[in-house]
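Undergrad: Dropping the structure in here first, questions after.
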Amino acid sequence: MLTFHNPAHRAHAGRHEMYRGRLVDCHEVPQRAELVVDELKRRGFGQPRTAPAADMRVVESIHARPYLDFLRTAWAEWVSLDPSHAALDILPSVWPNHGLRRDVVPANFSAKVGLYAFDAGSPITAGTWDACIAGAACAIEAARQVAAGADRSALVVTRPPGHHAGRDFYGGYCFVNNTALAAQALRDAGHARVAVLDVDYHHGNGTQSIFYERADVLTVSVHGDPMTEYPFYLGHASERGAGAGEGFNLNLPLPRGTAFGPWRRALEQGLDAVARFGASALVVALGVDTYEGDPISSFRLTSADFVEVGLLLASCRLPTVIVLEGGYAVADMGVNVANVAEGFAGG
Ligand code: OKP
Ligand code: ZN
1 MLTFHNPAHR AHAGRHEMYR GRLVDCHEVP QRAELVVDEL KRRGFGQPRT
51 APAADMRVVE SIHARPYLDF LRTAWAEWVS LDPSHAALDI LPSVWPNHGL
101 RRDVVPANFS AKVGLYAFDA GSPITAGTWD ACIAGAACAI EAARQVAAGA
151 DRSALVVTRP PGHHAGRDFY GGYCFVNNTA LAAQALRDAG HARVAVLDVD
201 YHHGNGTQSI FYERADVLTV SVHGDPMTEY PFYLGHASER GAGAGEGFNL
251 NLPLPRGTAF GPWRRALEQG LDAVARFGAS ALVVALGVDT YEGDPISSFR
301 LTSADFVEVG LLLASCRLPT VIVLEGGYAV ADMGVNVANV AEGFAGG
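Here full-length UniProt numbering is used: the first residue of the sequence shown is 1, the next is one more, and so on.
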């Protein structure tokens, strides 16, 4: 298994997220990726690779130009409004919801933030763009290496995560959709049918929306039921794709408290759908926030279960790019991700 790490991830370090009327410390911290890289090295996966600069043609085929321009320039604009902003994160406080217009990009900075953000938990900081675009580069390069046959699989250790980010929106700690970029890079490299399997605790709403009307990329997600779990407004079983993409999206929501047995049965349904689809390559959005110790999620997988998760993913026998998404039990994160990698490599 090839491993990649994002050398710029530390540039993105949010201070606070809004939660129930308070600014609380961010869960999505730099140490998450550090501990995963350390554990992979300890287990003999070797020094992780880095990637050449992101191919912007791929990035612009997944994300809208005005949105990318906003992400790239947001921090400079924020600081230019008032130099004291340099000590603060960018969070939205106003949104174009309920009949308000989304088709005009306002000149006002706060209005632009609200246009592109869908929650108040995803701070933009000085280095957010640098970290995101370097993560995108890793995802694209991993896909190209796997498509070229350098190895059967690759694991991309990056942050911030990406699966909540859509064509022109961010939220859920995600800004650039690394998983979608890997899938698109596999398509561009000649794989006619690519499957994305999202095993993060939270529904991959960004990835679903990016591919919702496409028949060439199957999106499957096993996640906490959006009736009670973030991101709340997408991820129901009734969402099956639209237009040419009808039948090419599968949501497998599960209740809070789900343990490995029923979670595994849902994953097997997802794997069956990938096989029926006839994918020639697989992208896994790997969140380990399904872990019993996760502070913001409520499934009950154990560290040992993650070895089995790796084995199940490997049972597809497809060229596979695994991209890191969530996981907030920081101290156990390295072990949990490395267990998936070891299970996959042994499977
Ligand atoms: C990102 B990923 C918790 C509120 C929920 C958003 C969770 C984003 C998860 N206090 N905040 O899918 O792991
Ligand atoms: Zn998650």
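Heads up, the beta-carbon is just placed ideally off N, CA and C, and yes, glycines get one too.
1. Suppose contacts are defined by Cβ-Cβ distances below 9 Å. Is ARG15 in contact with LEU71 by that definition?
2. Tell me whether ALA142 sits in a helix, a strand or coil according to DSSP, three-state version.
3. Pop quiz: GLY287 and GLY326 are said to be a contact at Cβ under 8 Å. What is the actual Cβ separation, rounded to whole angstroms?
4. What are the start and end residues of each continuous alpha helix (DSSP H) run of 4 or more residues lying completely inside the segment 93-151, in chain order?
5. Taking 8 Å as the line, does the beta carbon of ASP119 fall inside it for any heavy atom of the ligand ZN?
6. On the CB-based measure, 16 or more other CB atoms within 10 Å of its CB, does PRO231 come out buried or exposed?
7. At which residues does the beta strand (DSSP E) containing MET18 begin and terminate?
8. Is HIS85 near TRP78, with beta carbons less than 9 Å apart?
9. Work out the CA separation of ALA76 and PHE248 for me, nearest whole Å.
10. Quick check on the contact list: which residues have their beta carbon closer than 5 Å to a heavy atom of the ligand ZN?
11. Taking residue 373 as part of the alpha helix (DSSP H), name the residues at either end of that continuous run.
12. Does the distance between the C-beta of CYS174 and the nearest non-hydrogen atom of the ligand OKP fall short of 8 Å?
13. What are the start and end residues of each continuous alpha helix (DSSP H) run of 4 or more residues lying completely inside the segment 201-277, in chain order?
14. Is the CB-CB distance between GLY310 and ASP38 below 9 Å?
15. Touch check for the segment 100-110 and the segment 22-32: three-plus C-beta pairs under 8 Å?
16. With distances taken between CB atoms, is the gap from HIS191 to ASN177 smaller than 9 Å?
17. Following a CB-centred definition, is GLU246 positioned closer than 8 Å to any heavy atom of the ligand OKP?
18. What do you reckon, is the C-beta of PRO123 under 8 Å from a heavy atom of the ligand OKP?
19. What does TYR170 pair with, by DSSP beta-bridge criteria?
20. Let me know the secondary structure DSSP gives VAL79 once reduced to three states.
21. Considering only their Cβ atoms, is the gap separating SER122 from GLY172 smaller than 9 Å?
22. Please tell me whether, using a cut-off of 8 Å, the distance from the CB of HIS27 to the nearest non-hydrogen atom of the ligand OKP is below it.
23. Nearest-angstrom Cα distance between HIS63 and VAL283?
24. In this structure, does DSSP put ASP89 in helix, strand or coil?
25. How big is the Cα-Cα spacing for VAL29 and LEU301?
26. Return the first residue and the last residue of the alpha helix (DSSP H) that SER280 is part of.
27. Less than 6 Å between C-beta atoms, sequence neighbours within five positions excluded: which residues of the same chain meet that for ARG214?
28. Which of the three DSSP states is assigned to SER315 in this structure?
29. Nearest CA to the CA of ALA182: which residue from ARG240, LEU81, VAL59, ASN97?
30. Where does the unbroken alpha helix (DSSP H) through PHE344 begin, and where does it stop?
31. DSSP on ALA64, reduced to helix/strand/coil?
32. Whole-angstrom Cβ separation of VAL220 and VAL194, contact assumed at under 8 Å?
33. What's the C-alpha gap between ILE296 and THR50?
34. Is ASP151 near MET1, with beta carbons less than 9 Å apart?
TA: In brief:
1. no
2. helix
3. 4 Å
4. 109-116, 128-147
5. Taking non-hydrogen atoms of the ligand ZN into account, the C-beta of ASP119 is found less than 8 Å away from none of them.
6. buried
7. 16-19
8. yes
9. 40 Å
10. Here the list is ASP200, TYR201, HIS202, GLY287, ASP289, GLY326.
11. Residue 373 lies beyond the residue range present for the chain, which begins at 1 and ends at 347; the question has no answer from this structure.
12. yes
13. Runs found: 205-211, 260-277.
14. no
15. no
16. no
17. Incorrect: GLU246 has no Cβ contact closer than 8 Å to the ligand OKP.
18. Every heavy atom of the ligand OKP is 8 Å or more from the Cβ of PRO123, so no.
19. The partner list for TYR170 (beta bridge, DSSP) reads ALA117.
20. helix
21. yes
22. Look at HIS27: its beta carbon is less than 8 Å from one of the heavy atoms in the ligand OKP.
23. 18 Å
24. coil
25. 22 Å
26. Looking at the DSSP string, SER280 is not in any alpha helix (DSSP H), and its letter there is neither H nor E.
27. GLY245
28. The DSSP-derived three-state label of SER315 is coil.
29. Taking ALA182 as reference, the option from ARG240, LEU81, VAL59, ASN97 with the minimal CA-CA separation is VAL59.
30. 330-346
31. coil
32. Contact doesn't hold; Cβ gap of about 12 Å is too wide.
33. 30 Å
34. yes
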